[in-house]
Structure formats: C-alpha cells, structure tokens
Amino acid sequence: MKRITKLFERKPCLPFRHFFLIILIMFPGFVNSALAISVSLSITSVEKSEEKKGYVVKGEVTASDLNPKGQIVVSDIMTIFADIKIDSGSVYQELPEGMYIRQPAGCESTYTKGKKCMTLKEERGVGISRGVVAGLGHIRLSPVWRAYGGLGNWDKKGSDKAAPTTVTKEFEGVIPFTRHYEGKQIQTEGKQVRIRATLQHRWGGPYAAWPAFSFHHDIGFEGVLEPTKDMDKDGVPDRIDKCCTTPKGNTVDKNGCTICPEGKIFDPESRFANKKTGCSPKVAVIFTTFNDPHIGRAEAWSTVDGISRMRKRYEKEGYKVIWVDLEGKTSTSNGKLFWTVDIKTIVKYLVNPSTKAIAYFGHGGQVSKKGLIWDKYESSLDGHRVAAFTMPVYVEMYTRLGKNSCLSEKERKKKSATKADNIGLEDAYIFTCHSLDDNNLRDFLISDTGTYWGDENTLWDLWELRSVKGRSTKK
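Positions 75 to 549 (the numbering used here) are the ones given, in order, by the sequence shown.
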C-alpha cells in the first residue's frame, strides 16, 4: 500500500493527457467505441486481362467522418486488398479494429477486435493468400493536424483550410494470375476472392508518447475469379498449359505436360509411344540416300556396313532405331545430273520430341546445292534469323502446334522459332563430305551437351568421323 501511495506522490513524467492516451492504447476498445469513421468501397469491374497477366480491378473508395471529436489525427492510409481462398477448406480472416504498439503478454497478435486480442487464426484466417491490389497511401496530407493549419485549426468547422472530413479516391489494380503462398506458386483463376478496403487511422498528435491506431473496413466484392478453360482437364489452366492435349489420367508438371518415367519422352505421335500415356523411348533415325543416282553399287554396300554399325551403337545406348531411305528429285542442269533430297521427310522426324539422335549417310553436295543445309538467308519471321534448312522445321512445328489450340498465336510462333533455331539432339552422325567444314549444321542439330560427328574433307573410305562436343556458340 505504501509503494502505491509513493508512486502517486511522485511528479508525473508525462502530462495527464498522455497517460490517458496510453490507457486508450492498452485498451483499444475505448478507442474504437468513440470512432464514427466509415469506409465505403465500390468495385466497378473485375476483368481478366492477358496483357496485365491478371484480373484488373477498378473501383472507388470513400472514407467519411475522418475528424472524430477529441482526436488529433496524424494520418489516414488506405489500401485495397484481395483475400483469396486457396481451397474449399479456407476461412477468411477476421478484420481488426485496433492494434497494440507492443504485443501484450498472453496475446498471440498485436491486433484487436471487440476489446480482445485476436488469435493468429483470426488474424490470418485459414488457407488465405492476402495481396495488395492498390496501395492508395495517405488519402490526406500528413501529418494531418500540421498540414491543415496546426493545432486548433486543422479540424475547425467551416474553415476552408481545415482537413476534409470525407475523401473519395478512384483506383485500379491487378490481382495476378499467379501468387505465392507458403513458398509455393498458386493459380488465382477460379478461386474465391474477397476484395476489401482497409483504412489505417492514426491519431495522437505532437504530445502523445505513443500513437493510437484504429482500422476501418468495407468489403466491395466477394465471388469467384473467372476461371479459364482447361481443355484436357489436367488441372492446369489453358493459359499456361504447354501441352493442351494431355491424355486423361496422366500426371503433369506445372506446365501441364505429362511426366513420363525416367528415360521416356512424351511424344504421342511416336510409333513406339505407349497408347495410354503417350510416353515414348528416345528414338534414333538413320537416313540413307540409296535413291541417289550418284551412289554406285560399291559405295552402297560399304554404306550398309556403316548403317549396321550405327544401328548397333544406338541400340546399345538405349535408342529405338528407325531406318529411313530418303526419296529425292532428279534434275539436269548444264548437262549435269542433280539429285535433291526431300527435306520434308527429314523434318517430320526432326520435330518429333522423341527423336534424340540421327545418322545421315549420303552425298551432302546435292543437298546443299539448293542452299538447304549450309547456305543461309535472312527471313522476316518475328525478327528471327532462319537458315534455309530450318524454315521447313518452323513450318512443320507451327502446323503441329495448331492442334494444341490452347496456345496463342504468339506462343506458337515462339515455340516454333525455338525449335527451328536448334533441334536439340543428343547425337548427330553426318557421314557425308564436308559435313564439318563450318558449324552451321552442328549448331542447328545438337544441344549444348550433344555430340556431333562430321568431316572437313572429302570422305575416302573413312568410317570414323571426327566428333565435336556441344555447339560452337551456346545460346
């Protein structure tokens, strides 16, 4: 009892009004009961925008009665939030009314509602991703009491210099298609959402040791964000699905593409593909040109020996092997006989995802005569520099992707150009003269870690070509 008496006998270190303010902070229920501030949120539209990569939210928010009697207002900060439910078990968080500066003992949170500390579950909700749609910041000049004439003037009724009691702001913001939640990326499309405005009202003035806070809210929209189509029902929206024709029941990655067992590749068009899953073993294609009139009987027999060796090698390395004898076109110019390979046949195999190795046995001269392998030309194709031989690859890839209708025109072009720029093979054995005179064919065919086999000269009974690892210029 004596200790208590001595405490009150001491000269106060703070003016009484400061002490009263601290009491209000410690018991925020007293603060909230005295406030008549209101917030009104009007959402005019929530529209999906591929350009903005999300849902564009437009609206207007109004805060009223911002100068409560007995307060010296410091600031009013307005924020538009979007609370998204992750799944059917999600529960929206409670919206706080006040806040402690320091977390009291026994409280899980600094936020309060109804004169009580909020629990973490109440504050955060269950399975809720909260994000800012639009941060409007200070809706009045801050600090309010100073910016509008100082103490005794800032809230004087009838004064044209006094702080406005009502403020209306228009806003526009975006709810992105993708959000982070607990270290993972989630898709917002088709999710339940609550769009709300929250005003953080701060008061206390120049003599307060600690400021006081109150929060005021209004919910402008509750509903479902427009879902996008999912053609193959794999759970990945068509907007980001890179494989829109995934067979039913297949396990897919974040891009919506089938996850095949180790060593297998998703390629439904492969003759070796599993009919149910579309997964295929990697394939090696051996191309020959026995229809070329320039190839004599002796050369043909020696070529067969080379083909046999390559087949055994590829099979040993785990490839399924296909042998394709190419057709061609014979023509005569200046008394000379020319034979041009049918490139379309080669291209159809090159664009197959399962094709990971090729071997070519034949005359390269006839192929390059029309500028089809080494000679390059420039083409205005989205600014993409395309080699003559790669143009058919682009066209074939673009045509095939047309079946994958969830891809936009831009995505089809980009994916086709990427394939045309580099086939990405693991191994390319080009048994023809001058196949390694320069790096054009090498850079076109193999991946950065692939192996290219070729020769810089005219082949004379040479069966082991020189191997080169990777492309000359990695991109």
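Every residue gets a Cβ at the ideal spot worked out from N, C-alpha and C, and that includes glycine.
DSSP lists Lys122 and Ile249 as the bridge partner or partners of Tyr129. Separation of the CB atoms of Leu140 and Thr240 is rounded to 7 Å, and the pair is thereby assigned contact status at 8 Å.
Around the beta carbon of Phe364, fewer than 16 other beta carbons sit within 10 angstroms, so the residue counts as exposed. In this chain, the beta strand (DSSP E) harbouring Pro355 covers Cys353 to Pro355. The beta carbons of Cys480 and Asp315 sit closer together than 7 Å. Excluding the 5 residues flanking it on each side, Tyr468 has same chain C-beta neighbours closer than 6 Å at Ser490 and Ala494, in chain order.
Phe251 sits away from Thr362, with the two beta carbons spaced by 7 Å or more. Where Ala494 is concerned, the enclosing alpha helix (DSSP H) starts and stops at Glu483 to Asp495. Taking Phe505 as reference, the option from Lys484, Asp529 and Glu263 with the minimal CA-CA separation is Asp529.
Counting only runs of 3 or more residues that sit fully inside the stretch 135-180, the beta strand (DSSP E) segments are 147-159, in chain order. In the DSSP assignment, Val298 forms a beta bridge with Gln266. Bounds of the alpha helix (DSSP H) holding Asp517 are Asn514 to Leu519.
Bridge pairing for Glu244: Glu134 [DSSP]. In the DSSP assignment, Ala221 falls within the alpha helix (DSSP H) that extends over Val218 to Ala221. Going by C-alpha positions, Ile146 is about 28 Å away from Val206. Here the alpha carbon of Glu296 sits roughly 40 Å from the alpha carbon of Cys334. Judged by DSSP secondary structure, Glu391 falls outside any beta strand (DSSP E); it is assigned neither H nor E.
With fewer than 16 other beta carbons inside 10 angstroms of its own, Gly323 counts as exposed.
Going by DSSP, Val207 is part of the beta strand (DSSP E) stretching over Ile202 to His212.
Taken through DSSP and simplified to helix, strand or coil, Tyr472 comes out as helix.
When only Cα atoms are considered, Gly128 and Asn227 end up about 45 Å apart.
In the three-state reduction of the DSSP assignment, Asp292 falls in the strand class. Beta-bridge analysis with DSSP links Asp399 to Thr362. Non-local beta-carbon contacts of Ala502 in its own chain, meaning distances under 6 Å to residues more than five positions away in sequence, involve Ile432, Leu519, Ile520 and Tyr526 in chain order. Put simply, the backbone Cα of Gly209 is about 7 Å away from that of Met152.
Sequence-distant Cβ neighbours of Ile381 in its own chain, meaning closer than 8 Å and more than five residues away, are Ile360, Thr362, Trp397, Ala433 and Phe435.
With at least 16 other beta carbons inside 10 angstroms of its own, Pro311 counts as buried. Across the set Val113, His254 and Asn329, the C-alpha of Val113 shows the shortest separation from the C-alpha of Phe289. Secondary structure note for Tyr423: its alpha helix (DSSP H) is the uninterrupted segment Ile417 to Leu424. A straight-line Cα-Cα distance of about 6 Å links Leu194 and Ser183. A distance below 7 Å separates the beta carbons of Thr332 and Val326. The DSSP-derived three-state label of Thr429 is strand. Where Glu336 is concerned, there is no enclosing alpha helix (DSSP H), because DSSP gives it neither an H nor an E.
Cβ contact annotation for Glu500 (same chain, cutoff 6 Å, sequence separation greater than five): Lys430, Ala431 and Gly524, in chain order. In the structure shown, the three-state DSSP call for Gly323 is coil. Contact between Arg385 and Val395 holds: their C-beta atoms lie close to 5 Å from each other, under 8 Å.
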